[in-house]
């Protein structure tokens with residue numbers, strides 16, 4: 006658990022960078038053999054790309070770092086529960102384990118709304134751990150959306 010908390014701290018650094026850039030504060034790191042091989046944060050506004058979620062960018066970086074599209078020996082740490090799109094990419098990348106911070110009650114695909122990552126009918130199964138440093142991750146999101154509403 007301490008290891009998970011440490012890597013989630015790295016993902017939280019990325020989430021804070023996203024917030025500074027005016028992006029929804031979600032950060033992600035991918036770890037292989039105890040080494041962070043990818044790190045990213047949401048960049049949908051910056052890149053004008055609705056698919057530029059932290060997980061999607063990190064998966065691309067990790068596949069490049071590994072020289073292979075399958076990340077079977079990797080763990081993905083993300084500050085908020087993955088959405089349906091990201092869950093699909095996680096499965097296609099064959100990631101071994103996902104650790105997320107706070108639940109996502111509107112779009113979550115790891116148990117909150119959908120259980121895509123735990124769906125036994127798919128061709129890949131993985132371990133999912135939620136709630137790691139959830140309060141910190143949730144506070145970043147809450148603060149971001151409060152500020153956004155105040156500006157509107």
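In this note's numbering, the protein residues as written are 6 to 157.
We treat Cβ as the ideally placed atom computed from N, Cα and C, and that holds for glycine.
- Note that the C-beta distance between residue 149 and residue 24 is below 8 Å.
- Beta-bridge annotation (DSSP): residue 81 is paired with 35, 103.
- For the set 118, 54, 123, the Cα lying nearest the Cα of residue 100 is the one of 123.
- Note on geometry: alpha-carbon atoms of residue 26 and residue 47 lie some 9 Å from one another.
- As DSSP reads the structure, residue 120 sits in a beta bridge with 115.
- Only residues of its own chain outside the window of five on either side were considered, and among them 19, 34 have a CB closer than 6 Å to the CB of residue 44, listed in chain order.
- Here residue 86 is near residue 108, since their CB atoms are less than 8 Å apart.
- Excluding sequence positions up to five before and after residue 68, its CB lies within less than 6 Å of the CB of 74, all in the same chain and listed in chain order.
- In the three-state scheme derived from DSSP, where H, G and I count as helix and E and B as strand, residue 67 is classed as helix.
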